[in-house]
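*Asks:* Below you will find the structure I want to go over with you.
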Amino acid sequence: MRGLMMRCIVTVALALLAFGAPSATAEDGGDVTLVVGTVTWVGSDAVEVNGRRALVTSQTSVLSDGRPISLGSVRVGMPGELEINDAGRAIELRVRGTVE
């Protein structure tokens, strides 16, 4: 019985791998791009990481070391990760080193 269960689990896992993992998508159904590097520009309504700029909206999460911060605390040169949807809006900006 145990051997049969293990075979079923392995078969299901292989079937899932064959179809591939779904890509990350935004809530609106579009693709999400992750940019990793340093913050290269910060404005009042936009941010840029490694030359890739995105619009910051009221729905954008801005975090430093896992805690919410304001966009005004983000500085050029900070290590950061920026998630951008296919419309060019920032979904989430994660930086390290900001203290508010």
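Reading the sequence shown from the start, the letters are residues 5 to 104 in my numbering. Each residue gets a CB set at the ideal place from its N, CA and C atoms; glycine is no exception. This one's a predicted model, so the numbers in the text were calculated from it and none came from an experiment.
With distance defined between alpha-carbon atoms, name the residue in G70, V36 and V66 nearest to V46.
*Replies:* V66
*Asks:* Taking the continuous beta strand (DSSP E) assigned at L86, which residues delimit it?
*Replies:* P83 to N89
*Asks:* Whole angstroms is fine: what's the gap from T102's alpha carbon to V60's?
*Replies:* 18 Å
*Asks:* So for S62, helix, strand or coil by DSSP?
*Replies:* coil
*Asks:* Leaving out five residues before and five after G34 in sequence, what residues of the same chain have Cβ atoms less than 7 Å from its Cβ?
*Replies:* By the criterion of a C-beta distance shorter than 7 Å, G34 is surrounded in its chain by N89, D90 and A91, once the five residues flanking it on both sides are discounted.
*Asks:* Take the Cβ of V80 as the centre, count every other Cβ of all protein chains shown within 10 Å, and call the residue buried at 16 or more, exposed below.
*Replies:* exposed
*Asks:* Looking only at its chain, what residues have a beta carbon closer than 7 Å to the beta carbon of G98, apart from the 5 residues adjacent to it on each side?
*Replies:* Correcting the residue identity first, residue 98 is Arg in this sequence and not Gly. Taken in chain order, the residues that qualify are L67, G84 and E85.
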